[in-house]
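Notes follow the structure.
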Amino acid sequence: MEREDSQFSSHLRRPLLELLIFSSQQLLVRPIVKYTALSLFSDRFVPSIFRSRETNLFNERCEGKCWLLHPLRESNLQLFALVSIWVSSKLHDTRPLSVKSLKSLGDMVITDQCFTTRDFAEAEMVFLEVLEFNIGASKVTFIFLEELLIQFRELSKLGELVSLELCMDITDLLYETGQTSILFSEPQALAASILVSAYFFSVPKQQWEFPLLPWGSFISNHLVTCTFD
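The opening residue of the sequence shown carries number 1 in UniProt numbering; numbering runs sequentially from there.
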């Protein structure tokens, strides 16, 4: 069972996250909403459900009656991906997304099954139960990435050459390829790595004349801080 679940999770990871990113674009949500949804879904929800399947925890919680988890179909995971955006919108937006807008998008992107608005509400409750209602967004990489980019631009004019859009593209790629899980427990370190990568992509090599030692200290301070937090 463990091997099958691992293969299942690995096989579906990229298309699920591509769907989440695409859906965020279609819904025109703010970056913080998208990246909080990615964090909740990819870094916490999916790992939790597969760990729970291994320990039979879902049978204890749902008494085997939760059709969204038994069996765990791809279409159900797609539903949970949309629900993660919904939950994130409720966290960050004064006027959250409506369930009707999510259902309308779900009818377009989920082809194997048609979910009702009631299904979305039920999936939201299951999603929150799996996360044990711990939906804090303090460890979202995007928050630290924005902060680092602002501070870097204050430190050097070359920071203006590094676009937030490129940083977000790199972040999306890391999520899609499953690389974020390595540094999830240290979002500051992940944010710093993304910013450095964006710098080398954005700034022409002949302009790499910024003070290396201050920049190294700048990044190192954030890595040390996140290590002891």
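Positions of the beta carbon are idealized from the N, C-alpha and C atoms, including for glycine. Fair warning: this is a prediction, and the values are worked out from it, not measured in the lab.
Nearest-angstrom Cβ-Cβ length linking residue i and residue j, presumed shorter than 8 Å
i	j	result
residue 289	Ala37	In the structure as shown, the chain begins at 1 and stops at 229. Residue 289 is therefore absent and cannot be evaluated.
Leu102	Phe120	6 Å
Pro187	Phe144	5 Å
Phe142	Pro47	20 Å between Cβ atoms; not a contact.
Leu91	Ile135	7 Å
Ala137	Leu68	The Cβ separation is near 24 Å, so there is no contact.
Own chain residues within Cβ distance below 7 Å of residue i, not counting five before or after
i	result
Ile170	Ile194, Ser197, Ala198
Gln113	Ser75
Leu19	Gln78, Ala81, Val109
Phe45	Phe80, Ser84, Phe127, Val130, Leu131
Leu12	Glu74, Leu77
Asp229	For Asp229, the predicted model reports a pLDDT of 47, less than 50, meaning its position is unreliable and no value from the coordinates is stated.
Gln26	Leu105
Leu16	Leu77, Gln78, Ala81
Cut-off 6 Å between Cβ atoms - residues of its own chain near residue i, not counting five sequence neighbours on either side
i	result
Ser88	Val33, Thr36, Ala37
Glu63	Residue placement at Glu63 cannot be trusted, given a pLDDT of 48 that sits under 50; the coordinates are not used to answer.
Thr117	Val99, Lys103
Lys157	none
Phe152	Gly159
Lys139	Pro187
First and last residue of the uninterrupted alpha helix (DSSP H) at residue i
i	result
Thr117	117-130
Lys34	31-38
Ile150	141-155
Glu74	74-92
Ala137	Here Ala137 belongs to no alpha helix (DSSP H), and DSSP marks it neither H nor E.
Val109	99-109
Ser202	187-202
Thr177	Premise fails: Thr177 is in no alpha helix (DSSP H) and is neither H nor E.
Cutoff 8 Å; reference residue i; Cβ partners in own chain excluding five residues on either side
i	result
Thr177	Arg14
Ser202	Leu161, Val162, Ser163, Leu166
Ser23	Ala81, Leu82, Ile85, Leu105, Val109
Ile49	Phe58, Leu69, Leu72, Val130
**Request:** Mind the definition here: the stretch 129-141 touches the stretch 161-169 only if three or more C-beta pairs lie below 8 Å; say whether that holds.
**Result:** no
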